[in-house]
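Asks: Sharing a structure, written as structure tokens. Questions coming.
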Amino acid sequence: MKWILQQYPCSNVSTIVKYQGGVWYWNSTKHTHDIFVSRKRLAPQQQMCLEALLKANPTAKAAALQSRNTVSGESLLDISNCFVNENVARNVVQNAQGPSLPSSNDFVSQFCVFQQNHPNFIIAEHMLNGIAVITCRTQWMAEWLIMVSKNPKELNGSVLDAAHGWFRVPASLLITTSIFSKSMQHWVPGIYSYSNGATAIHYEYHFLAMMRSMQVTKAQMGQVVVDRDFANTVDFSEAQRLGFIEAFIRFWKEDKDDRHSNEELRTAAVVLLQGCAQHFRNQVT
């Protein structure tokens, strides 16, 4: 884009007087020309021209509208020289067009690229009927997850925690299943899930992904999963308890060699569950 510098004669003489109380500025006369990028608000006629330009180019960005890449070949700069400033042009165009809604296609494509760039990190995703649960873990986390049955009895099993405040949407949760590491003397994460809610169905998908992950990891080591691998501590949430039980039943029903009835599996799942003492005390008090 080529710019032409124009000179405007101006007879105005500005006077600045400094005194003990501060500075006094005085204009000898009014300017007879526009002051470059001084008008923050458009005149009514300019506003009409802007609206017409935006209506003719509803999806155009500020840069395109500045460069005459428009239907009529008109530019924002034909309306006002205040649009020389890119920030001013961008803000005016965005305010006029309103907030842009995120594209579902953009999310899907970005999510696919993320999975390609991080293979085997996302191990399960469910997005159907308003339920969204995305589960992830590294190989390091997966190997820790199968160590749950090797801890002392008081630390045997995994611990579930669902935390708010990790995502922009307040209702979204970060669900974590953790295992105690004897060597590090710390709890380490075994699996994470993004969840858009805290219903039994949400927890069911988290637990099901956890169980399948443990099955795959143990198979890689020539081992098979058993019930005690799924020993789990939850808070006293009914949704977590029901989610675990339903996931346990679904998991074993996927095994064609398993002959247990739903009721037998339900009873076995209940035995594996423990309540978190801290959450119990919080509810009692």
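Going by the numbering used here, 364 is the number at position 244 of the sequence shown; the sequence numbering is gapless. All C-beta atoms, glycine included, are put in the ideal place defined by N, C-alpha and C. All values derive from a computational prediction rather than experimental measurement.
Which residues in the same chain have their Cβ closer than 6 Å to the Cβ of Thr-405, if we skip the five residues on either side of it in sequence?
Replies: With a pLDDT of 39 at Thr-405, under the threshold of 50, the modelled position of that residue is not reliable, and no figure is offered here.
Asks: In the structure shown, what three-state DSSP assignment does Gly-317 receive?
Replies: Gly-317: coil per DSSP, three-state reduction.
Asks: Assuming Thr-296 and Tyr-312 make a contact with CB atoms under 8 Å, what is their CB distance in whole Å?
Replies: About 6 Å; that satisfies the 8 Å criterion.
Asks: What number of angstroms, rounded off, separates the C-alpha of Leu-185 from the C-alpha of Glu-194?
Replies: Near 8 Å, if we compare the C-alpha coordinates of Glu-194 and Leu-185.
Asks: May I ask you to list the residues that DSSP assigns as paired with Leu-328?
Replies: Partner(s): none; Leu-328 has no beta bridge.
Asks: Leaving out five residues on either side along the sequence, give the residues of the same chain with a beta carbon under 8 Å from the beta carbon of Val-143.
Replies: So the qualifying residues of the chain are Ile-136 and Val-137.
Asks: How many Å lie between Gln-394 and Asn-382 at the Cα?
Replies: Rounded to the nearest angstrom, the two C-alpha atoms are 20 Å apart.
Asks: Can you pull the DSSP bridge partners for His-238?
Replies: In the DSSP output, where bridge partners are listed per residue, His-238 has none listed.
Asks: Going by C-alpha distance, which of Gln-166, Ala-320, Thr-319 and Phe-350 is nearest Val-334?
Replies: The identity of residue 334 in the sequence shown is Met, whereas the question assumes Val. Answer by Cα proximity: Phe-350.
Asks: Does the stretch 378-392 come close enough to the stretch 330-345 to have 3 or more Cβ pairs within less than 8 Å?
Replies: At 8 Å Cβ cutoff, the stretches do not touch.
Asks: Report, in whole angstroms, the separation of the C-beta atoms of Thr-337 and Ile-266, which I expect to be a contact under 8 Å.
Replies: Yes, Thr-337 and Ile-266 are in contact; Cβ-Cβ is about 5 Å, under 8 Å.
Asks: Please determine, among Gln-140, Ala-320, Ser-301 and Asn-211, the residue with the shortest C-alpha to C-alpha distance to Trp-260.
Replies: Checked all of Gln-140, Ala-320, Ser-301 and Asn-211; the closest Cα to Trp-260 is Ser-301.
Asks: Skipping 5 residues on each side, what residues in its chain have a beta carbon closer than 6 Å to that of Ala-283?
Replies: For Ala-283, where only same-chain residues beyond five positions count, the Cβ hits under 6 Å are Leu-294.
Asks: Taking one C-beta from the stretch 227-238 and one from the stretch 315-329 each time, how about it: are there three or more such pairs within less than 8 Å?
Replies: Because the criterion of three Cβ pairs below 8 Å is not met, the stretch 227-238 and the stretch 315-329 do not touch.
Asks: Do Gly-285 and Phe-327 come within 7 Å of each other at the CB atom, strictly closer than that value?
Replies: It is not a contact, given that the beta carbons lie outside the stated cut-off.
Asks: Within 10 angstroms of its Cβ, does Ser-187 collect 16 or more other Cβ (buried), or is it exposed?
Replies: By the 10 Å Cβ count, Ser-187 comes out exposed.
Asks: Provide the residue span of the beta strand (DSSP E) that contains Asn-352, from first to last.
Replies: First-last of the beta strand (DSSP E) with Asn-352: 352-354.
Asks: Classify Ala-172 as buried or exposed, calling it buried when 16 or more other Cβ atoms lie within 10 Å of its own Cβ.
Replies: The residue in question, Ala-172, is exposed, as its Cβ has fewer than 16 Cβ neighbours within 10 Å.
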